[in-house]
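**Q**
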Amino acid sequence: MERRSALAGLLYAGFAGLAGLAGFGHSSPAAAAAGRTAQAAAGPRPPASLLGDEIRRLPTSRKVLALTFNAAWDVDGIDTVLAELRRRKLPATFFPTGEFAEAHPAAVRSIADAGHGLGNHSYSHPYFDDLSTAERAEEVREADAAIRAASGTEPLPFFRFPYSSTTPESITDVNDLGYAAIEFSTDTNGYLGPQGGMSVDKAVERAVDAFAPGAIIQMHVGGNGSGVVLDAGALPLIVDAATAEGYEVIDLRRFLEAAPGVR
């Protein structure tokens, strides 16, 4: 119950500046803890429309889509991705693992400083269907702590399953911890790199083929050790294609608000 209560206070830092994508404020650990306690009963939580199942398309009929990036390996593409998002004044949501946050705290802090949302991608990237309820909770809790420590902000109440391997039981466990299971409409597969038969053009094609109201595009900030981050090169082309087809790139955090304009 302590965990569920604490999660009710998520996003106290910087959430009010969401519309302008302002950078999150930083405070001392003591001040942050005090803020979480003071606002534990009032913070945004996933609405009912995002609970009970995995979310592969956002609940909207509008021509909007969301850009998301997983972060579990290297940081080879992070500067390029953040620079492109900054240049175009676009939001994205990043899903680091706890191990990534511990290994690359400066990268996670740079995401938060840029005003983007940080979800939870587990601590060690295991298959959740192989874990018990207690083990799943530990993965989520440890990742939450690592991401918070690295970023200086509260992570979002959004969880993305490693390998997108979901079961009804694991989704229930994640929901019970206060998280919506945010998956994706398509993965560009850019993380496979040239050695995996992928190219920038193929990554863009996979994204464009999935364009639909509420689409969630998954990319990666690293190249899984290959040194080539195809998604960093694909990002501007995906955004150009979305704009040409009349799509607006929106922030997943808008679905934590009662915002009729998004529906």
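Residue numbers (the numbering used here): 394 to 656. All residues carry an ideal CB built from backbone N, CA and C; glycine is no exception. Remember, predicted model here, so these are calculated numbers, not experimental data.
(1) In this structure, how does DSSP classify F648 when only helix, strand and coil are distinguished?
(2) With respect to the alpha helix (DSSP H) encompassing I575, which residues constitute its N-terminal and C-terminal limits?
(3) Would you identify the three-state DSSP class for P489, choosing helix, strand or coil?
(4) Using 10 angstroms around the beta-carbon of Y516, count the other beta-carbons present and answer buried if the total reaches 16, otherwise exposed.
(5) Report yes if the C-beta distance between R553 and G512 is below 7 Å; otherwise report no.
(6) Determine which residues share a DSSP beta bridge with I448 and list them.
(7) Considering Cα atoms alone, identify which of A608, A536 and P519 is closest to P550.
(8) Evaluate A435 with the Cβ neighbour count: other Cβ atoms within 10 Å of its Cβ, from every protein chain shown; 16 or more gives buried, anything less gives exposed.
(9) Any chance you could list the alpha helix (DSSP H) runs of at least 4 consecutive residues sitting entirely within the region 504-561, in chain order?
(10) Express the C-alpha separation of G586 and S619 in angstroms, rounding to a whole number.
(11) Between A542 and D644, what straight-line distance do the alpha-carbon atoms span, to the nearest angstrom?
(12) With a threshold of 16 other CB atoms inside 10 Å of the CB of A499, please say whether the residue is buried or exposed.
(13) Could you name the residues of the same chain whose beta carbon sits closer than 6 Å to that of T559, not counting the 5 residues immediately before and after it, in chain order?
(14) E532: buried (16+ other C-beta within 10 angstroms of its C-beta) or exposed?
(15) Where do the N-terminal and C-terminal ends of the alpha helix (DSSP H) with T453 fall, by residue?
(16) Should R599 be listed as close to the ligand ZN, given that the test is whether its C-beta is under 6 Å from any heavy atom?
(17) For D472, I'd like the list of residues in its chain whose CB is within less than 7 Å of its CB, leaving aside the five on either flank, ordered along the chain.
(18) Using a Cβ-Cβ cut-off of 6 Å (strictly less than) and excluding sequence neighbours within five positions of T486, which residues of its own chain qualify?
(19) Within the same chain, show all residues whose beta-carbon is closer than 7 Å to that of Y556, passing over the 5 residues directly before and after it, in chain order.
(20) Which residues does DSSP list as the beta-bridge partners of D580?
(21) When you compare the CB positions of I540 and A494, do they come within less than 7 Å of one another, or not?
(22) Note down the Cα distance separating A496 from D602, rounded to an integer number of angstroms.
**A** According to the structure shown:
(1) Counted from its first residue, the sequence shown places residue 648 at position 255. Per DSSP, reduced to three states, the secondary structure at F648 is helical.
(2) Position 182 of the sequence shown, counted from the start, is the residue given in the question as residue 575. Looking at the DSSP string, I575 is not in any alpha helix (DSSP H), and its letter there is neither H nor E.
(3) In the sequence shown, counting from the first residue as 1, residue 489 sits at position 96. It is a strand residue.
(4) The residue you call residue 516 lines up with position 123 of the sequence shown. For Y516, the number of other beta carbons within 10 angstroms of its own is at least 16, and it is reported as buried.
(5) Position 160 of the sequence shown, counted from the first residue, corresponds to residue 553. Position 119 of the sequence shown, counted from the first residue, corresponds to residue 512. Cβ atoms of R553 and G512: closer than 7 Å.
(6) Here residue 448 refers to the residue found at position 55 of the sequence shown. Residue pairing by DSSP puts I448 in a beta bridge opposite I575.
(7) Reading the sequence shown from its first residue, position 157 is the one you call residue 550. The option with the nearest alpha carbon to P550 is A536.
(8) By 1-based counting over the sequence shown, the position of residue 435 is 42. For A435, the predicted structure reports a pLDDT of 35, less than 50, and the residue's modelled location is therefore unreliable. The matter cannot be settled from this model.
(9) Entirely contained in the region 504-561, the alpha helix (DSSP H) runs reaching 4 residues are, in chain order, 526-544.
(10) Here residue 619 refers to the residue found at position 226 when the sequence shown is read from its first residue. Here residue 586 refers to the residue found at position 193 when the sequence shown is read from its first residue. Going from the Cα of S619 to the Cα of G586 covers about 7 Å.
(11) As a working note, residue 542 is residue 149 in the sequence shown. As a working note, residue 644 is residue 251 in the sequence shown. Put simply, the backbone Cα of A542 is about 23 Å away from that of D644.
(12) Taking the first residue of the sequence shown as position 1, residue 499 is located at position 106. With a threshold of 16 other beta carbon atoms within 10 Å, A499 falls short and is exposed.
(13) Here residue 559 corresponds to residue number 166 of the sequence shown, with the count starting at 1. Closer than 6 Å at Cβ, skipping near neighbours: E447.
(14) The residue given as residue 532 occupies position 139 in the sequence shown. Taking all protein chains in view, the Cβ of E532 is crowded by 16 or more other Cβ atoms within 10 Å, so the residue is classified as buried.
(15) For the purposes of this step, residue 453 is taken as the residue at position 60 of the sequence shown. DSSP places T453 in no alpha helix (DSSP H); its state is neither H nor E.
(16) Among the components of this structure there are no ligands whatsoever, and the ligand ZN is therefore not found.
(17) Stepping through the sequence shown from its first residue, residue 472 is reached at position 79. Closer than 7 Å at the Cβ level, and outside the excluded window around D472, lies no residue.
(18) For the purposes of this step, residue 486 is identified with residue 93 of the sequence shown, where counting begins at 1. Result list for T486: T461, G510, G512 and L645, in chain order.
(19) Sequence index remark: in the sequence shown, residue 556 carries index 163 (1-based). The beta carbon of Y556 is closer than 7 Å to those of Y520 in its chain, skipping five residues each way along the sequence.
(20) For the purposes of this step, residue 580 is identified with residue 187 of the sequence shown, where counting begins at 1. Per DSSP, Q611.
(21) Position 147 of the sequence shown holds residue 540. Position 101 of the sequence shown holds residue 494. I540 is a Cβ neighbour of A494, given a cutoff of 7 Å.
(22) On the sequence shown, residue 496 is found 103 positions in, with the first residue counted as 1. On the sequence shown, residue 602 is found 209 positions in, with the first residue counted as 1. Approximately 34 Å, taken between the alpha carbons.
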